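Participant: With UniProt numbering applied, the sequence shown corresponds to residues 1 to 214, in that order. C-beta atoms are modelled at their ideal positions from N, C-alpha and C, and glycine is treated no differently. All values derive from a computational prediction rather than experimental measurement.
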Amino acid sequence: MSNLGLHAIYKLLNSYSEVVCERAFWERENRAEPLPPLSLESQRPLSDFAVLAFSINYELDYFNVVQILRASGIPLYAADRDERHPLIIAGGPCIIANPLPLSPFFDCLCIGEAEAILPAMLPVLTEGIGGKRNKLLKELASLPGIYVPLTHSGTPVIRQWASNLDDFPVASTTLTSDTELGDLYLIEVERGCNRGCRFCLTNNAFRPMRYRSI
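#1: Over what stretch of residues does the alpha helix (DSSP H) that includes Val-65 continue unbroken?
#2: Which residues in the same chain have their Cβ closer than 6 Å to the Cβ of Gly-73, if we skip the five residues on either side of it in sequence?
#3: Is there at least one Cβ from chain B nearer than 8 Å to Ser-72's Cβ?
#4: Alpha carbon to alpha carbon, how far is Asp-183 from Ala-71?
#5: Where does the unbroken beta strand (DSSP E) through Val-51 begin, and where does it stop?
#6: Does the beta-carbon of Val-189 have 16 or more other beta-carbons within 10 angstroms, so that it is buried, or is it exposed?
#7: For the 8 Å Cβ check, are there 3 or more pairs between the segment 8 to 24 and the segment 121 to 128?
#8: Between which two residues does the beta strand (DSSP E) containing Leu-87 stretch?
#9: Do Leu-6 and Ala-97 have their C-beta atoms closer together than 8 Å?
#10: Please report the residue range of the beta strand (DSSP E) in which Leu-109 lies.
#11: Given a cut-off of 8 Å, decide if Leu-87 and Ala-50 are closer than it, judged by their beta-carbon atoms.
#12: Count the other CB atoms, across all protein chains shown, that sit within 10 Å of the CB of His-152; report buried if there are 16 or more and exposed otherwise.
#13: Run the CB neighbour count on Arg-81, radius 10 Å, all protein chains shown included, and call it buried at 16 or more, exposed below.
#14: With distances taken Cα to Cα, identify the nearest neighbour of Val-157 among Gly-112, Pro-36, Tyr-77 and Glu-139.
#15: So the candidates are Phe-54, Ala-141, Gly-130 and Gly-145; which of them puts its Cα closest to the Cα of Leu-102?
#16: Is it buried or exposed for Cys-110, if we count other Cβ within 10 angstroms and need 16 for buried?
#17: Give me the residue from Gly-145, Pro-93, Phe-105 and Leu-60 with the minimum Cα distance to Arg-191.
#18: Take the Cβ of Phe-63 as the centre, count every other Cβ of all protein chains shown within 10 Å, and call the residue buried at 16 or more, exposed below.
#19: Pick from Arg-210, Pro-104, Thr-155 and Ile-146: whose alpha carbon is nearest that of Leu-165?
#20: Would you mind working out which of Thr-179, Ile-68 and Lys-138 sits nearest Asn-3, comparing C-alpha positions?
#21: Note the first and the last residue of the continuous alpha helix (DSSP H) segment covering Ile-214.
This is the structure we're talking about:
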């Protein structure tokens with residue numbers, strides 16, 4: 001809940017008058033007893049939403065995706081879903097680095113940073129979410145940085161990134177005392193890493209190294 005990426009996307013989505021973004025988290029207790037996850041703000045089941053967006057930060061999150069969809073009564077595979085189900089999308093470091101392991105489960109995957117992708121993606125979603133799923137997926141696939149596995153023709157999807165971080169201020173939008181770093185106000189001052197460790201997703205997913213004006 002303290003993740004600054006989550007705070008940034010939550011603020012950005014809710015800045016649009018036609019969008020209501022809520023949050024949901026998968027707790028350890030849910031794994032032992034698979035209770036249907038509910039949104040934090042309105043306590044609605046996830047199957048009630050038009051779009052579900054996952055942030056995939058670690059490889060072990062792959063298993064959480066499957067458990068959340070199962071617990072929510074949503075078909076696991078994108079090919080088995082239609083207009084009755086939420087559109088399932090994902091982004092985050094693991095998706096940027098390699099979207100293929102999760103491609104059967106997602107309708108579309110965001111290859112790049114949210115600030116560079118969402119401004120073009122949101123109008124397509126808001127206008128097409130109530131229509132035919134195949135038409136919406138085709139329109140999404142035409143956008144830079146969007147990988148739609150079911151319709152992908154093999155053309156490489158180019159990673160998108162925010163060239164000027166000063167255009168997108170990132171800081172804590174909520175302070176929650178019951179979470180990690182809950183007593184701190186967080187601010188992003190740089191993105192990426194200049195060390196170049198081959199095993200690290202931060203270096204590979206968020207290059208080039210960028211700084212904010214302070």
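Facilitator: Well, looking at it:
#1: 61 to 71
#2: Ser-47
#3: Structure shown: chain B not included; a single protein chain is present.
#4: 32 Å
#5: 51 to 55
#6: exposed
#7: yes
#8: 87 to 91
#9: no
#10: 108 to 110
#11: yes
#12: exposed
#13: buried
#14: Gly-112
#15: Phe-54
#16: buried
#17: Pro-93
#18: exposed
#19: Arg-210
#20: Thr-179
#21: From DSSP, Ile-214 is part of no alpha helix (DSSP H); its letter is neither H nor E.
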